[in-house]
Each structure stands twice: as C-alpha cells, then as structure tokens.
Amino acid sequence: MTAPVRTPEQRGDRAPRRTGARTGVGASPWTSRAAVHTLLVIASLYSVLPLVWLVTSATKSVGDFSTTSAFELADWNLGENLSALFAEEDGVFLSWIRNSALYAGLGALLGALICTACGYAIAKLDFPGRKLLFGVTLAGVLVPTTALALPLYLLASQLHIVNTFWAVFLPLLTHPFGVYLARAFADAAVPDEVIEAARVDGAGELRIFFTIALPMMRAGFVTVLLFQFVGIWNNFFLPLVMLTDPDLFPMTLGIYQWSTRVTQFPQYNPLVITGSLLAVVPLVLAFVLLQRQWRSGLASGSIK
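Residue numbering for the sequence shown follows UniProt numbering, beginning at 1 and increasing consecutively.
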C-alpha cells in the first residue's frame with residue numbers, strides 16, 4: 001500500500017521563492033525600471049541644461065544679464081548680438097569660423113583616413129614589428145594630449161612653422177585611439193578570405209584598401225571621423241601654445257581671448273555667449289547627421 005501524497009504545505013516545505021521582474025521579490029530598488037528611467041532623465045537634464053542656458057543667454061543684451069535669471073528669456077536680441085559678433089574687430093570671428101572649419105573638417109577627414117589605413121595595416125598586413133607597433137600605439141592612448149604640447153612646440157620651432165596654419169594642422173592628422181578603433185573595426189569587418197581573393201586576382205594593397213576594405217569599414221571610418229572632428233573642433237591647448245596671430249585662431253581660442261576681457265568690458269559678454277552657441281551648432285549637426293553610422297560602427301567594432 002502506497003503512502004498518500006502530501007502537499008508541500010502538509011510537509012512543511014516552503015514554496016520556491018520567485019524573483020524577477022514579474023514578482024519584484026528580491027530585486028534591488030536601484031535596478032528597477034522606474035529608478036533607471038529617473039537616473040536617465042536626471043543625466044539628460046544635466047547634459048541639456050547648459051545648452052538651454054546658452055540659447056536663452058544668447059538672446060540677451062548686456063543689461064539683461066543683471067536683470068533676468070539664468071533661464072529667463074528677455075527681449076529677443078539675438079539678431080543684434082549676431083550683428084555685433086560678426087562686426088567686432090573687423091569681422092575676425094568669420095576668420096575663426098573658417099580656421100575651425102579647416103582644422104576640424106579637413107583635419108578630421110585626412111586624420112580619419114590615416115587612422116583607418118594604419119588600423120587596417122596593423123590588423124591585416126603581416127610585416128616585422130607589427131605587434132610592437134600596436135603596443136606603442138596603445139601606449140600612446142595613455143598619454144594625455146596636453147603633455148605633448150611642449151614637445152610638439154619644440155618640433156614646430158625646429159621646422160620654423162610656429163604661428164602658422166601647419167603648426168596646428170599637422171599634429172592633428174593622426175590619433176592613437178583612432179588607430180586602435182580602426183584596428184578593431186578591420187578585425188571585425190574585413191574577412192581575410194576577401195583580401196586573399198583580391199590578391200589572387202592581382203590587386204595591389206592600396207587598391208584592396210580603397211576599393212574593398214574601406215567600404216567594408218565605412219561605419220568604423222565614420223566613427224573615427226566623428227571622434228577626430230569633435231577632438232579637433234574643441235582643441236584649445238595646442239592652438240594656445242602654437243599661435244599668436246588672431247587671424248589664425250580657431251573659434252575656441254578666439255572666444256577664450258574675448259572672455260578674458262569681460263570683466264573690464266562687459267559688452268564682450270553677449271559676444272562670447274553668442275559665439276559659443278555658434279560653436280556648438282556644427283557638433284550637434286555632425287552627431288545628428290551621422291549618428292546611425294556612428295552607433296552601428298561602435299557596435300560592429302566591439303564584436304571580434
């Protein structure tokens with residue numbers, strides 16, 4: 001005769017404890033969906049509020065800064081501020097815009113191409129010292145750019161290019177972190193079989209890179225391009241060390257020079273804020289226009 005089957009409650013056993021999103025039992029309050037969303041909203045506001053302040057302040061006159069709060073809109077003086085900005089010092093701000101466009105636009109394009117080619121070579125070409133070269137590249141990532149300003153100035157002085165366009169432009173053409181990213185993209189996006197097939201067909205290494213590897217690394221190229229563009233556009237210390245001619249200043253250095261006069265000449269305050277607002281616009285446009293390629297590039301570069 002078999003014993004009657006007893007339920008878990010009759011045996012005195014506890015029911016298995018269920019955890020997870022369905023019951024919420026055992027879940028940390030810091031990992032709940034509401035907490036995560038709250039933290040994301042706070043982080044977004046922290047990032048957006050300075051831009052909101054910049055937009056509202058760019059519409060104010062000199063007197064409005066002392067009569068209105070930080071985020072309060074006053075009389076719409078953006079047009080007058082823009083006119084004064086472009087007329088100040090015989091329109092030197094237009095020269096700063098042109099210089100920043102040349103430094104960041106042309107420098108980012110050539111720099112991204114050089115970094116992509118270097119990363120592809122380290123990843124896919126077999127040559128002596130390849131691992132040592134990649135190790136040196138990784139070591140270069142750890143060196144802050146400000147620590148290189150003095151050595152770069154001494155090199156530029158030996159080449160007699162201090163206070164010229166080339167003193168700022170040439171050091172910006174490559175970046176160790178861009179080479180590192182390009183190597184990761186090349187490993188993930190360019191199959192070795194495709195390269196070998198192209199070599200069998202008689203294609204040279206340059207042709208393989210420009211016609212086969214570079215299109216496959218398009219997302220990686222755009223990612224490196226964005227990093228280069230943002231880094232060069234926001235570059236301040238290198239132009240500060242290299243340049244003394246205001247006609248060669250980028251926007252960052254020129255606006256800084258004006259900001260040092262605000263305490264003595266309050267009329268520069270609207271110019272500095274309006275110029276800073278214009279300096280942010282290209283960065284926002286670059287991320288909006290290229291965000292799809294940038295996000296897919298980061299995802300593909302993380303897979304090996």
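For every residue, glycine included, the Cβ atom is placed at its ideal position computed from N, Cα and C. Computed from a predicted model, the values in this text were never measured in an experiment.
Contact check, tyrosine 256 vs valine 262 under 8 angstroms by CB: the rounded distance?
Wrong, their Cβ atoms sit about 11 angstroms apart, outside the cutoff.
My parser needs the alpha helix (DSSP H) runs of 4 or more residues fully inside the segment 61-114; what are they?
64-67, 78-87, 92-100
Collapsed DSSP secondary structure at isoleucine 161 in the structure displayed
coil
Where does phenylalanine 227 fall in DSSP's three states?
helix
Please confirm whether alanine 117 and valine 224 have their CB atoms less than 7 angstroms apart.
no
Let me confirm a value: tyrosine 103 is counted as buried when at least 16 other C-beta atoms fall within 10 Å, else exposed. Which label applies?
buried
Out of curiosity, what's the CA-to-CA distance linking glycine 63 and aspartate 75?
11 angstroms
Euclidean distance between Cα positions of arginine 292 and leucine 285
13 angstroms
How many Å lie between isoleucine 97 and alanine 70 at the Cα?
27 angstroms
Closer than 8 angstroms is the cut-off here; do at least three beta carbon pairs connect the segment 175-192 with the segment 211-221?
yes
How would you write the range of the alpha helix (DSSP H) that leucine 133 sits in, first residue to last?
130-141
For phenylalanine 265, does the three-state DSSP call read helix, strand or coil?
coil
Roughly how many angstroms lie between the CA atoms of tyrosine 180 and alanine 121, to the nearest whole one?
11 angstroms
For valine 241, tell me which candidate among Ala203, Ala147, Asn81 has the shortest Cα-Cα distance.
Ala147
Can you list, in chain order, the residues of its chain with a C-beta nearer than 7 angstroms to that of alanine 108? Leave out the 5 residues immediately preceding and following it.
Leu225, Gln228, Phe229, Ile232
Selection from Glu193, Leu133, Thr274 that minimises the alpha carbon distance to leucine 51:
Thr274
Counted within 10 angstroms of its Cβ, other Cβ atoms place proline 151 as buried (16 or more) or exposed
exposed
Where serine 100 falls, given that 16 or more other Cβ within 10 Å makes a residue buried:
buried
So that I know if they touch, is there some Cβ in chain C lying closer than 7 angstroms to that of isoleucine 255?
Structure shown: chain C not included; a single protein chain is present.
Pairing CB atoms from the segment 242-254 with CB atoms from the segment 83-95, are three or more of them under 8 angstroms?
yes
Rounded to whole angstroms, what is the Cα-Cα separation between glutamate 193 and arginine 207?
16 angstroms
Leucine 159 to valine 168, Cα distance in whole Å?
13 angstroms
Can you tell me where the alpha helix (DSSP H) with glycine 178 in it begins and where it stops?
176-189
Where do the N-terminal and C-terminal ends of the alpha helix (DSSP H) with alanine 197 fall, by residue?
192-200
Coarse secondary structure for phenylalanine 127, derived from DSSP in three states:
coil
Option nearest proline 270 by Cα separation, candidates Trp53, Ala43, His37, Ser44
Trp53
Do you know how far the Cα of asparagine 77 is from the Cα of serine 83?
10 angstroms
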